[in-house]
Amino acid sequence: MLKLERVVKTYRSGSVESIALNNISIEIAKNEMVALSGPSGSGKSTLLNICGLLDLNFDGQLTFDGQLISKRPRDAMLLRRRRLGFVFQRFNLVPVMSAFENIEYPLLLNKVAPRERQLRVDAMLQQVGLAAFGKKRPGQLSGGQQQRVAVARALIHQPDLVIADEPTASLDSKTAYQIIDLMKELGQQFQTTFLIASHDDRMTSHCDRIIRILDGELVDGAGGGHV
Amino acid sequence: MFKLKMASLNLLRNGRRSFLSILVICVSVLGLMCLGGFGIYTYESLQEATARDTGHLTLAKPGYFSQEEDFTLQNGLTNFPELFEQLMSDSRVRAVQPRIDFSGLISNGDKTAIFVGTGVTATEFSLKGPFLSLKSGKYLSANEPSTEPEVMLGQDLANNLKMKVGDIVTVMTTTTDGSLNGADYRIRGIFGTGIPELDKRQLYVSVKTAQQLLNSSKVSYASVFLYDTADTAAVMADLAVQLTSLKLTPWWERAFFFEKVKALYDRIFIVIGLIMALVIFVSLFNTLTMSVTERTVEIGTLSALGASAMELIINFVLESLLLAISGTLLGILLCGLTSVWLTHAGIQMPPPPGRTNPYPLYINFSAQLAGLVFIGVACICVIASAMAARRGVNKPITEALNHV
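First to last, the protein sequences are chains A and B.
The first sequence: position 71 = 73 (my numbering), numbered continuously.
The second sequence: position 315 = 1012 (my numbering), numbered continuously.
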């Protein structure tokens, strides 16, 4: 489903050059829930950004469903990104949109008909336990509820891949477990592939596989025999 | 609709900042509309005054206005009665007035002064409305007694000669054959034109009196007054075909004062307009740059979800358009109220240079000007917002998401 080959990411600050990712090759199968683990500064977020097509300034190759991504034109990249879902540590909901509208937004971008949008968002709100909160703005919701909305937004358009960056880091244990369960449940339901950056063992222990990186190098769990 | 709702909600996020932006636009629009409305009022007043003074069309022999005559009425019209009949047959023509321009000396017996005289018909005064301010006495009679011809004097000319209404003055000039002629006239009225130079020299007599004095049956030129100023060009075109031996001059070619004032006001309007546009641009750019900066993470999130740069820019453009619409509508409304208030307030402007009479301060509310101002403000807002938003949406997504 997703394949990185010899990916190198270098940051430059003046004449100083630092390697964030060094020759990373990993493969993630469809419907897999993969955790990306490692200490702070190990390169987790950088790798996540590349897999989420948020950062295309890297060396090496990125392939989605057999299609080479790294050299694609910008418009095609945009369309491809609309087939992804994102869950952020700080939820990143749009404050002026209601929970319903936040969840609806990816469907709008994917030009889903209004009637179908309504049905799908209503169903999703039901599924994440927020049926009564559809009209609430993010500021009127608790952290856990906001992350539920964020998970719903990431999955509403049944994406090929969901990128989650420390999705439980801002939550208490009880809420974190609820979110983990929710992601697992929805992932199975929608047959979605997850790539989750986390150093939260509660999170990683629920994943099918853990990829560990340290100082920008792959330590363990690359999958597909490409380590 | 969704985008408009989002734009409105985003503006309400920082209500005070949005209100200040609307206020800046409103005040700028009010300033532009008031200045423009005053300009339009002035243009229309001067147009009206010029057309009323000279007539919408002036008919004269070719070269009458461009060449000096060797003697009075050298280039005068000989067939005015026939011309009058012909012109009055056109339903768009309201009146045709003959004029005789002449000059000479006027004396009270002790003191003599130079005058500039105009021979007019009595209907001139009722036709043209209040173009003269009658200081004392009356206008020229419709049925002037042949035994006692009348004259109207400019107030400074009358003061200079120490004459008042009812007194007799001697008017002297050269006839069309070059000999000296003079006659005594009773002063029927004393007037002020509002222009000191004219008040010192101007006098009016009837056409008949002027013809007797000049010993000619000619008139200098004929002024054609129309019912509708907008018909001027059409009537002129029609008459040009019929009256090939005469030179037709529309009012705007003789509106020297109007042209100068218009040129001056147009420049002032352009300069003030540019300053206002700059104020709106800077204010909007500042507001939206702050808004874009505050919403960098949000921009990054929406970009990550697949929103294109253009879609995000359009969101900000919509917000600025809402500001533009609100501010412009408010400014236009306030201008309308100011216009109504000024109509009733009776505020007088000081006399312009070279004039003695003040004039009322009015603002003509113009829907066309309002439309132009709205389009201008909307364009400025679109440019300012697009420029401000462009900087935000072009930031790399990963940087935007980590913006603090």
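Glycine residues also receive a C-beta, built at the ideal position from the N, C-alpha and C atoms.
Residue i classed as buried or exposed, judged by whether at least 16 other C-beta atoms fall within 10 angstroms
i	result
Tyr901(B)	buried
Gly226(A)	Residue placement at Gly226(A) cannot be trusted, given a pLDDT of 49 that sits under 50; what the coordinates show is reported in the next sentence. Exposed: under 16 other Cβ atoms inside 10 Å.
Trp948(B)	buried
Asn675(B)	Nothing in the structure corresponds to residue 675(B), since chain B is present only between 698 and 1101.
Pro169(A)	buried
Met785(B)	exposed
Gly863(B)	exposed
His231(A)	The structure shown does not extend to residue 231(A), since chain A is modelled only from 3 through 229, so no value can be given for it.
Ser913(B)	buried
Cys209(A)	buried
Ser843(B)	exposed
Asn776(B)	exposed
Asn1099(B)	exposed
Gly760(B)	exposed
Val1074(B)	buried
Lys808(B)	exposed
Arg155(A)	buried
Asp67(A)	exposed
Val18(A)	exposed
Arg119(A)	buried
His753(B)	buried
Asp57(A)	buried
Thr820(B)	exposed
Arg1088(B)	exposed
Leu143(A)	buried
Val726(B)	buried
Met1007(B)	exposed
Which residues DSSP lists as bridging residue i, in chain order
i	result
Thr890(B)	According to DSSP, which records beta bridges pairwise, Thr890(B) is partnered with nothing at all.
Leu878(B)	The sequence given here places Asn at residue 878(B); Leu does not occur at that position. For Asn878(B), which the question treats as bridged, DSSP gives the partners Thr870(B).
Ser920(B)	Thr755(B) and Gln794(B)
Lys944(B)	Ala757(B)
Glu7(A)	Gln63(A)
Arg214(A)	Ser39(A) and Asp222(A)
Arg14(A)	Glu19(A)
Leu743(B)	None; Leu743(B) has no bridge partner.
Phe196(A)	Met35(A) and Val164(A)
Phe1071(B)	DSSP lists no partner for Phe1071(B).
Thr815(B)	Asp798(B) and Tyr901(B)
Ala810(B)	Ile803(B)
Ile26(A)	Val9(A)
Arg1106(B)	Nothing about residue 1106(B) can be reported from this structure: the residues present for chain B run from 698 to 1101 only.
Tyr107(A)	Tyr107(A) pairs with nothing; no bridge assigned.
Interface residues of chain B facing residue i [CB-CB closer than 8 angstroms]
i	result
Phe88(A)	Thr998, Ala1001 and Leu1002
Leu54(A)	Per the sequence presented here, residue 54(A) reads as Gly, with Leu not at that position. In chain order: Ala1001.
Asp57(A)	Pro1093, Ile1094 and Thr1095
Val9(A)	Simply none; closest approach about 15 angstroms.
Beta-carbon neighbours of residue i, restricted to chain B and to distances below 9 angstroms
i	result
Leu143(A)	Those do not exist, as Leu143(A) stays about 16 angstroms from chain B at its closest Cβ, beyond 9 angstroms.
Val151(A)	Simply none; closest approach about 13 angstroms.
Partner residues on chain A for residue i, Cβ-Cβ distance less than 7 angstroms
i	result
Ser1102(B)	There is no way to answer for residue 1102(B), as the model of chain B reaches only from 698 to 1101.
Leu706(B)	Val98
Beta-carbon neighbours of residue i, restricted to chain B and to distances below 7 angstroms
i	result
Asn94(A)	Val994 and Thr998
Ile84(A)	Before going on, a small fix: residue 84(A) reads as Arg here, not Ile. Here the neighbours are Gly1003.
Partners in chain A for residue i, counting only beta-carbon separations shorter than 9 angstroms
i	result
Arg789(B)	The premise fails here: Arg789(B) is roughly 59 angstroms from chain A at the closest Cβ pair, so nothing lies under 9 angstroms.
Met698(B)	By Cβ distance, chain A contributes nothing, its closest Cβ being about 10 angstroms from Met698(B), past 9 angstroms.
Met703(B)	Val96, Val98, Met99 and Glu103
Contacts that residue i makes with chain A (C-beta to C-beta distance below 8 angstroms)
i	result
Arg710(B)	Pro97 and Val98
*Below 9 angstroms between beta carbons is the criterion; list the residues of the segment 101–125 of chain A that meet it against any residue of chain B, in chain order.*
Glu103, Glu106, Tyr107, Pro108, Leu110, Leu111 and Asn112
*Check whether the segment 974–994 of chain B touches the segment 1069–1088 of chain B, taking contact to mean three or more Cβ pairs, one atom from each stretch, closer than 8 angstroms.*
yes
*asked:* Which residues of the segment 1010–1038 of chain B have a Cβ closer than 8 angstroms to any Cβ of chain A? Give them in chain order.
replied: For the segment 1010–1038 of chain B, which is checked against every Cβ of chain A, not one residue is closer than 8 angstroms.
_Beta carbons nearer than 8 angstroms to chain B: which residues of the segment 181–196 of chain A have them?_
none
*Stretch pair the segment 161–179 of chain A + the segment 195–205 of chain A: three plus CB contacts closer than 8 angstroms*: yes
*Are there three or more Cβ pairs, one per stretch, closer than 8 angstroms when the segment 948–965 of chain B is compared with the segment 764–774 of chain B?*
Using a C-beta cut-off of 8 angstroms, the segment 948–965 of chain B makes no contact with the segment 764–774 of chain B, since fewer than three inter-stretch Cβ pairs fall below that distance.
_Check whether the segment 721–732 of chain B and the segment 969–979 of chain B touch, using three or more Cβ-Cβ pairs below 8 angstroms as the test._
yes
*Three or more beta-carbon pairs under 8 angstroms between the segment 4–12 of chain A and the segment 21–38 of chain A, yes or no?*
yes
*Taking a Cβ distance cut-off of 9 angstroms, strictly less, list which residues of the segment 26–53 of chain A are near chain B, in chain order.*
Ser47, Thr48 and Asn51
*Do the segment 1033–1043 of chain B and the segment 1008–1022 of chain B make contact, defined as three or more Cβ pairs closer than 8 angstroms?*
No, they do not touch.
*If you pair each beta-carbon of the segment 170–179 of chain A with each one of the segment 109–127 of chain A, do three or more pairs fall below 8 angstroms?*
no
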